[in-house]
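The structure under discussion appears below in the form of structure tokens.
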Amino acid sequence: MTFNINNIRIGIIGLGYVGLPLAVEFGRKYPTVGFDINTARVEELKAGTDTTLECSREELEAADQLTFSSSVDAIADCNFYIVTVPTPIGDSNRPILTPLRSASVALGGIIKTGDVVVYESTVYPGATEEFCVPLIEE
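Heads up, the sequence shown is in the numbering used here, so the first residue is 1021 and it goes up one at a time.
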């Protein structure tokens, strides 16, 4: 498979402490959409404020090719996705995969042949192949 970096459109799924800095850095050079299901988070970022203090107003402004959205439709035209949703540990010391499931199902509804998906979330070995890929393929 060949991927043309000149036509890249990046979708970052999850705008927490991992996703937002990635979105900001990519958004300095490439068309990038930062997606999060938390509409309040998206609105604050659109206003140039990051209450988690991961990125300054200046860093957000410098990412002039970055947009933010809480609509999955906004990332449908992307062709390179990075999933950065949280995978917290539950009471039984097992990861809670609900956010990963939701992100994978959403991707399954919009992904096209030739698109690239990278999982940046912390998961157990084999989780991408055994858990995420089947959800995307459904």
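Glycine included, every Cβ here is placed at the ideal spot set by N, Cα and C.
Keep in mind it's a predicted model, so treat the numbers as computed, not measured.
Taking a contact to mean a Cβ-Cβ separation below 8 Å, would you say residue i touches residue j in this structure?
i	j	result
I1130	A1096	yes
Y1101	V1137	yes
V1053	E1140	no
T1104	P1115	no
V1143	L1127	no
E1064	T1071	yes
G1068	L1080	yes
I1074	L1040	Reading off the sequence shown, one finds Glu at residue 1074, where the question assumed Ile. Their beta carbons are under 8 Å apart, which means E1074 touches L1040 by this criterion.
Mind reading off the beta-carbon distance from residue i to residue j? Whole number of angstroms is fine, and I expect it under 8 Å.
i	j	result
I1030	F1046	5 Å
D1135	N1099	5 Å
Which residues in the same chain as residue i place their Cβ atom closer than 7 Å to its Cβ, once the five residues preceding and following it in sequence are excluded?
i	result
R1061	L1035
V1044	C1075, E1079, L1080, A1083, L1086
K1066	F1088
According to DSSP, simplified to helix, strand and coil, what is residue i?
i	result
V1138	strand
V1143	coil
P1119	helix
T1148	helix
V1038	coil
S1124	helix
If you drop the 5 nearest sequence neighbours on each side, which residues of the same chain put their C-beta closer than 6 Å to that of residue i?
i	result
D1093	none
T1059	S1090
With a threshold of 16 other CB atoms inside 10 Å of the CB of residue i, please say whether the residue is buried or exposed.
i	result
F1088	buried
I1032	buried
V1156	The amino acid at residue 1156 is misidentified as Val; the sequence shows Ile. Flag for I1156 reads buried.
Does the ligand ADP have even one heavy atom less than 7 Å from the beta-carbon of residue i?
i	result
L1073	Absence of the ligand ADP is noted for the structure shown, with no ligands found whatsoever.
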